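So the sequences go chain by chain: A and B. Numbered by the working numbering, the letters in the first sequence go through residues 260 to 382 in order. Numbered by the working numbering, the letters in the second sequence go through residues 260 to 382 in order. We treat Cβ as the ideally placed atom computed from N, Cα and C, and that holds for glycine. Note that the structure is a prediction, hence the values are computed from the model and not measured.
2 protein chains.
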Amino acid sequence: MRYSKQKETILEIVNNSFDHLTADEIYLKARNLLPNISLGTVYRNLNTLKEENKIISFNSLDNKEHYDKAFIKHYHFICNNCFKIYDRKINDYKKLCSMLNIDENNTNYIDIKVYGICNDCSK
Amino acid sequence: MRYSKQKETILEIVNNSFDHLTADEIYLKARNLLPNISLGTVYRNLNTLKEENKIISFNSLDNKEHYDKAFIKHYHFICNNCFKIYDRKINDYKKLCSMLNIDENNTNYIDIKVYGICNDCSK
DNA sequence: ATGTAATTAGTAACCATTACTATTTATGAG
DNA sequence: CTCATAAATAGTAATGGTTACTAATTACAT
Numbered sequence: 260m261r262y263s264k265q266k267e268t269i270l271e272i273v274n275n276s277f278d279h280l281t282a283d284e285i286y287l288k289a290r291n292l293l294p295n296i297s298l299g300t301v302y303r304n305l306n307t308l309k310e311e312n313k314i315i316s317f318n319s320l321d322n323k324e325h326y327d328k329a330f331i332k333h334y335h336f337i338c339n340n341c342f343k344i345y346d347r348k349i350n351d352y353k354k355l356c357s358m359l360n361i362d363e364n365n366t367n368y369i370d371i372k373v374y375g376i377c378n379d380c381s382k
Numbered sequence: 260m261r262y263s264k265q266k267e268t269i270l271e272i273v274n275n276s277f278d279h280l281t282a283d284e285i286y287l288k289a290r291n292l293l294p295n296i297s298l299g300t301v302y303r304n305l306n307t308l309k310e311e312n313k314i315i316s317f318n319s320l321d322n323k324e325h326y327d328k329a330f331i332k333h334y335h336f337i338c339n340n341c342f343k344i345y346d347r348k349i350n351d352y353k354k355l356c357s358m359l360n361i362d363e364n365n366t367n368y369i370d371i372k373v374y375g376i377c378n379d380c381s382k
């Protein structure tokens, strides 16, 4: 595996963002730094970074894959009305794993999504 | 809303299956019962049935939506190697909700997916 | 310096899902 | 039992996120 400025840039964009960016949004941000980067390169590197467990991804109501930092233990609340994605803390990750009978040795990633109506929309 | 044989058939196929069928698989099964049913009808009714909370769906590694019964409290273990989807029991649903600070009043559906390597593949 | 294999840019293709429209059909009123 | 009407369907075309492909570029070891 060789160094590439493109891959490094993509990882930084995901790690420095507080949103849940789609491939297209990451592509647009990357173009500010590397004007010639191509969308295919973004997709390929996102998939590689996932395999290396450096980032995670999940699908949302817009039917697009959203990319996120790997090292923060949290889950997502997704509003069925406004489609916004909220981060929610997981206080006791160990306890959660034991409740779900999860063997952490053969487990890679736990993806929890809670769908409902957010506070803004229920007003 | 009017009765339709197509919608009833689609709901029965999902409820009687022990798999996690995709729209295309449901379409093929439905064609055995209603030879002229169209794929668009399957997709439209699956979306309607979801809105009515009669079925649920989730996205998997094949990047297809999988449809499942709504009334069984369980989560899914997805193997990163063979892409198989396993059902896993949730013993104490109430406790899980309280651990995640979930307000059941504004919550529709909890989608939990655990990714890893299944027993068959780790041999 | 130079060879080479990994990576990229740019474009074309793929395919799951949705949109569209003419036709069919469930249902209620007379 | 008609008949009007609006909801639902069948069949097909279009959409759009993602992947595949290929010639050119580039990191890196020798």
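Leaving out the 5 sequence neighbours to the left and right, which residues in its chain are closer than 6 Å to Lys-384/A when beta-carbon positions are compared?
The displayed coordinates of chain A run from 260 to 382. Any statement about residue 384/A would go beyond what the structure contains.
Of the residues that make up the region 312-327 of chain B, which ones have a beta carbon closer than 7 Å to any beta carbon in chain A?
Result list: Asn-318.
Going by the DSSP bridge assignment, what does Lys-348/B pair with across the sheet?
For this step, residue 348/B is matched to residue 89 along the second sequence. Paired residue(s): His-333/B.
Where does Tyr-286/A fall in DSSP's three states?
Here residue 286/A corresponds to residue number 27 of the first sequence, with the count starting at 1. Helix, per DSSP.
Identify whether Ile-361/B lies in helix, strand or coil by the three-state DSSP scheme.
One-based indexing of the second sequence puts residue 361/B at position 102. Coil.
Whose CA, out of Arg-347/A, Thr-366/A, Lys-332/A, lies closest to the CA of Cys-380/B?
Sequence index remark: in the second sequence, residue 380/B carries index 121 (1-based). Of the listed residues, the one whose Cα sits closest to Cys-380/B is Thr-366/A.
State the Cα-Cα distance for the pair Glu-363/A and Thr-307/B, rounded to the nearest angstrom.
For the purposes of this step, residue 363/A is identified with residue 104 of the first sequence, where counting begins at 1. For the purposes of this step, residue 307/B is identified with residue 48 of the second sequence, where counting begins at 1. Between Glu-363/A and Thr-307/B, the C-alpha separation is close to 37 Å.
Sort out for me which residues DSSP pairs Thr-281/A with in a bridge.
As a first step, residue 281/A is located in the first sequence; it is residue number 22 there, counting from the start. Answer is His-325/A, bridged to Thr-281/A.
Please tell me whether Leu-359/B has its Cβ less than 8 Å away from any Cβ of chain A.
Translated into the one-based positions of the second sequence, residue 359/B becomes position 100. Answer yes: the Cβ-Cβ gap between Leu-359/B and chain A drops below 8 Å somewhere.
Between which two residues does the beta strand (DSSP E) carrying Ser-316/B extend?
The sequence position of residue 316/B within the second sequence is 57, counting from 1. 314-318 is the extent of the beta strand (DSSP E) around Ser-316/B.
Do Tyr-326/A and Phe-336/A have their beta-carbon atoms positioned less than 8 Å apart in this structure?
Within the first sequence, numbered from 1, the residue matching residue 336/A stands at position 77. Within the first sequence, numbered from 1, the residue matching residue 326/A stands at position 67. No, these two residues do not count as a Cβ contact at 8 Å.
Using a 10 Å radius around the Cβ and a threshold of 16 neighbouring Cβ atoms, would you call Leu-359/A buried or exposed?
Position 100 of the first sequence, counted from the start, is the residue given in the question as residue 359/A. It is buried - the Cβ of Leu-359/A has at least 16 other Cβ atoms within 10 Å.
Below 8 Å on the Cβ atoms is my contact criterion, and I expect Lys-332/B with Ile-349/B to pass it. Report the Cβ-Cβ distance as a whole number of Å.
Indexing the second sequence from 1 puts residue 332/B at position 73. Indexing the second sequence from 1 puts residue 349/B at position 90. With a Cβ gap of about 5 Å, Lys-332/B and Ile-349/B count as contacting.
Run the CB neighbour count on Asp-370/A, radius 10 Å, all protein chains shown included, and call it buried at 16 or more, exposed below.
Reading the first sequence from its first residue, position 111 is the one you call residue 370/A. The residue is buried, with at least 16 neighbouring Cβ atoms inside 10 Å.
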